[in-house]
Amino acid sequence: MERSIVKGIKIFSNSKFLFVIKISIAAGLLYALISFIDFQTILSAFQTADYKFFTVGIALSVIVFYMQFLRWRFLLSLISVNVPKREIVTSILIGMAAGFATPAQLGEVAGRLASHQELRKSHVAGIFILDKIYISIFTILLGIFGLTFFTERFLPNFWHSVYIYFSLILFFIILFIAIRPNIIKPLQKIFPAFIREHRFFSVVDIINSSFHSFQALILSLLTVLWYGMIIAQYYFFIHAFSSISFFDTAVGVGSVFFIKNIVLPISIGDIGIRETAAVYFFGKFGIAPAVAFNSAILTYIVNTIIPGIFGALLILKLKMKIQ
4 MERSIVKGIK IFSNSKFLFV IKISIAAGLL YALISFIDFQ TILSAFQTAD YKFFTVGIAL
64 SVIVFYMQFL RWRFLLSLIS VNVPKREIVT SILIGMAAGF ATPAQLGEVA GRLASHQELR
124 KSHVAGIFIL DKIYISIFTI LLGIFGLTFF TERFLPNFWH SVYIYFSLIL FFIILFIAIR
184 PNIIKPLQKI FPAFIREHRF FSVVDIINSS FHSFQALILS LLTVLWYGMI IAQYYFFIHA
244 FSSISFFDTA VGVGSVFFIK NIVLPISIGD IGIRETAAVY FFGKFGIAPA VAFNSAILTY
304 IVNTIIPGIF GALLILKLKM KIQ
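Heads up: the sequence shown begins at 4 in my numbering, then just goes up one per residue.
This is how it looks when you write it as structure tokens:
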């Protein structure tokens, strides 16, 4: 009996097994969505699209990538100010490709590490963790904003006026911690000595020594701008097929990203989760399911899939050089 339990735990903790599960979830959700929406309806939406807005949405993907470049360049400057721009771009692209093809996107950190051979690996890993922490923080903040207004407007039975105060307090506490990270650094002392003295813990050295309030403010602003460009993309992609205000777009995007990144990060590349959430949340604003689906999948394609393809080509190029 014990052996069978241990064997079961090993199966479920196996990364390959989890990878298959994530692909299955993504494929199942996409199939269910397309069946629900009707593939012909999706194609018809594209045929009647206003391509001026469509083109602007695609063009914004360049700015979205540039914001990623600025964020990663800024974080790398905490380690070294001499990292070539080409190396930074290569690092982001390879990271995106490796992250998509691996369970829990663990390959992304490997891609970043492989692209910065001259830098200390623990420091690169440290700023990568910092990068993900700030994306998560502002995803939560955007989610608080989006879900607060969404619930108040569309789910009145679950809403009470006092909730707005809880939302505001939570929002500003998280924001304050984001721009004043020094106030939580002493919490590291709660870890036992054997953990703090372990060599793996050295990944936080760069955070302790080089990341303070000024750096936190810069990273926060860059992250806000990055998310702002993504919201603008959704706005223009939706306008290619339908009509929505920018504020409602921000509410919808905040809700979608909170669900897919924080609540249900259970599929490869969040495929299926993002589209399902977009259909639900934007549907409440009167956006047709096919339009919400198209906007979500288009944003994913131009921001993740296409850069990931370039990253995959760079990985192949690196392999050829090694041979």
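For every residue, glycine included, the Cβ atom is placed at its ideal position computed from N, Cα and C.
Smallest Cα separation from residue 174: which of 150, 156, 159?
Translated into positions along the sequence shown, residue 174 becomes position 171. Closest by alpha carbon: 150.
Would a C-beta distance cut-off of 8 Å place residue 115 and residue 98 closer than the cut-off?
Against the sequence shown, residue 115 aligns to sequence position 112. Against the sequence shown, residue 98 aligns to sequence position 95. Cβ distance < 8 Å, so residue 115 and residue 98 count as in contact.
Does residue 166 pass the burial test, meaning 16 or more other C-beta atoms within 10 Å, or should it be called exposed?
Residue numbering aside, residue 166 sits at position 163 when the sequence shown is read from its first letter. So residue 166 ends up on the exposed side.
For residue 266, count neighbouring C-beta atoms within 10 Å of its own C-beta (all shown protein chains included) and say buried if the count is 16 or more, exposed if not.
By 1-based counting over the sequence shown, the position of residue 266 is 263. The residue in question, residue 266, is exposed, as its Cβ has fewer than 16 Cβ neighbours within 10 Å.
Assumed close pair residue 185, residue 163 - CB separation to whole angstroms, cut-off 8 Å
Taking the sequence shown and counting its residues from 1, one reaches residue 185 at position 182. Taking the sequence shown and counting its residues from 1, one reaches residue 163 at position 160. Not confirmed; about 36 Å, so no contact.
Cβ shell of residue 68 (< 7 Å), same chain only, five flanking positions each side left out:
As a first step, residue 68 is located in the sequence shown; it is residue number 65 there, counting from the start. Around residue 68: 310.
Which residue wins for smallest C-alpha separation from residue 72, given the options 248, 141, 247, 94?
Counting from one through the sequence shown, the residue named residue 72 turns up at place 69. Cα-wise, what sits closest to residue 72 is 94.
Which one of 51, 60, 289 has the shortest CA to CA distance from residue 302?
The count along the sequence shown starts at 1 and reaches residue 302 at position 299. Of the listed residues, the one whose Cα sits closest to residue 302 is 60.
Whole angstroms are fine: how far does the CA of residue 279 sit from the CA of residue 291?
Along the sequence shown, read from residue 1 onward, the residue named residue 291 stands at position 288. Along the sequence shown, read from residue 1 onward, the residue named residue 279 stands at position 276. Straight-line Cα distance between these residues: approximately 13 Å.
Measuring alpha carbon to alpha carbon, tell me which residue in 132, 62, 78, 65 is nearest residue 218.
Taking the sequence shown and counting its residues from 1, one reaches residue 218 at position 215. Minimum Cα distance to residue 218 is reached at 78.
Compare the Cα-Cα distances from residue 189 to each of 281, 211, 318, 64 and report the closest residue.
Sequence index remark: in the sequence shown, residue 189 carries index 186 (1-based). For the residues 281, 211, 318, 64, the minimum Cα distance to residue 189 belongs to 211.
Residues near residue 245 in its chain [Cβ-Cβ closer than 6 Å; skip 5 each side]
Here residue 245 is taken as the residue at index 242 of the sequence shown, counted from 1. For residue 245, where only same-chain residues beyond five positions count, the Cβ hits under 6 Å are 290, 294.
Within 8 Å of any Cβ in chain C, is that where the Cβ of residue 207 sits?
Of the protein chains in this structure there is only one, and it is not chain C.
Inter-residue spacing [alpha-carbon to alpha-carbon] between residue 232 and residue 238
Taking the first residue of the sequence shown as position 1, residue 232 is located at position 229. Taking the first residue of the sequence shown as position 1, residue 238 is located at position 235. Each residue's Cα considered, the two are about 10 Å apart.
Suppose the cutoff is 8 Å on Cβ atoms and the five residues either side in sequence are ignored; what does the same chain contact list for residue 91 look like?
Residue numbering aside, residue 91 sits at position 88 when the sequence shown is read from its first letter. The answer, listed in chain order, is 72, 75, 76, 79.
Are residue 126 and residue 209 closer than 8 Å when you measure CB to CB?
Against the sequence shown, residue 126 aligns to sequence position 123. Against the sequence shown, residue 209 aligns to sequence position 206. Yes, the Cβ-Cβ distance between residue 126 and residue 209 is below 8 Å.
Run of the alpha helix (DSSP H) containing residue 277, from where it starts to where it stops
On the sequence shown, position 274 is the one that residue 277 refers to. Per DSSP, the unbroken alpha helix (DSSP H) holding residue 277 starts and ends at 276-286.
Does the separation of the CB atoms of residue 298 and residue 234 fall below 8 Å?
In the sequence shown, the residue the question calls residue 298 occupies position 295. In the sequence shown, the residue the question calls residue 234 occupies position 231. No.
Burial state of residue 193 (16 or more Cβ within 10 Å)
Here the question's residue 193 lines up with position 190 in the sequence shown. Exposed is the call here.
Grab me the residues of residue 1's own chain with a C-beta within less than 7 Å of its C-beta, minus the 5 sequence neighbours each way, in chain order.
Nothing about residue 1 can be read from this structure; the chain reaches only from 4 to 326.
Assign residue 119 to one of three DSSP states: helix, strand, or coil.
As a first step, residue 119 is located in the sequence shown; it is residue number 116 there, counting from the start. DSSP places residue 119 in coil when its eight states are reduced to three.
Could you tell me how far apart the beta carbons of residue 177 and residue 140 are, in whole angstroms, since I believe they sit closer than 8 Å?
In the sequence shown, the residue the question calls residue 177 occupies position 174. In the sequence shown, the residue the question calls residue 140 occupies position 137. Sure, about 6 Å apart at Cβ, within 8 Å.
For residue 161, count neighbouring C-beta atoms within 10 Å of its own C-beta (all shown protein chains included) and say buried if the count is 16 or more, exposed if not.
Counting from one through the sequence shown, the residue named residue 161 turns up at place 158. The residue in question, residue 161, is exposed, as its Cβ has fewer than 16 Cβ neighbours within 10 Å.
Secondary structure at residue 257, three-state DSSP: helix, strand or coil?
Indexing the sequence shown from 1 puts residue 257 at position 254. In this structure, residue 257 counts as helix in the three-state DSSP scheme.
Under 8 Å Cβ to Cβ from residue 143, same chain only, skipping five residues before and after it: list those, please.
Your numbering for residue 143 matches position 140 in the sequence shown. So the list reads 177, 261, 265, once near-sequence residues are dropped.
Among 147, 154, 313, whose alpha-carbon lies nearest the alpha-carbon of residue 172?
Numbered from its first residue, the sequence shown carries residue 172 at position 169. Nearest C-alpha to residue 172: 147.
From residue 15 to residue 136, what does the alpha carbon distance come to, in whole angstroms?
Stepping through the sequence shown from its first residue, residue 15 is reached at position 12. Stepping through the sequence shown from its first residue, residue 136 is reached at position 133. Note that residue 15 scores a pLDDT of 36, beneath 50, so its modelled location is shaky and nothing firm can be said.
Can you name, in chain order, every residue of its own chain whose Cβ lies under 6 Å from the Cβ of residue 53, other than the five neighbours on each side?
Taking the first residue of the sequence shown as 1, we reach residue 53 at position 50. 243, listed in sequence order.
Judging by CA-CA distance, which residue of 228, 317, 307 is the nearest neighbour of residue 103?
Working through the sequence shown from its first residue, we reach residue 103 at position 100. The option with the nearest alpha carbon to residue 103 is 307.
In whole angstroms, what is the alpha-carbon distance linking residue 138 and residue 100?
Along the sequence shown, read from residue 1 onward, the residue named residue 138 stands at position 135. Along the sequence shown, read from residue 1 onward, the residue named residue 100 stands at position 97. Computed Cα separation, rounded: 19 Å.
Is residue 53 helix, strand or coil when you go by DSSP?
Residue 53 sits at position 50 when you count from the first residue of the sequence shown. The answer is coil: DSSP assigns residue 53 none of H, G, I, E or B.
When the Cα atoms are used, what is the spatial distance from residue 87 to residue 158?
Translated into positions along the sequence shown, residue 87 becomes position 84. Translated into positions along the sequence shown, residue 158 becomes position 155. For residue 87 and residue 158, the distance between alpha carbons rounds to 50 Å.
Do residue 249 and residue 153 have their C-beta atoms within less than 8 Å of each other?
Reading the sequence shown from its first residue, position 246 is the one you call residue 249. Reading the sequence shown from its first residue, position 150 is the one you call residue 153. No, these two residues do not count as a Cβ contact at 8 Å.
Within a Cβ cutoff of 6 Å, which residues of the same chain sit near residue 255, ignoring the five residues on either side of it in sequence?
Looking up residue 255 in the sequence shown gives position 252. Excluding positions up to five away in sequence, the list reads 284, 285.
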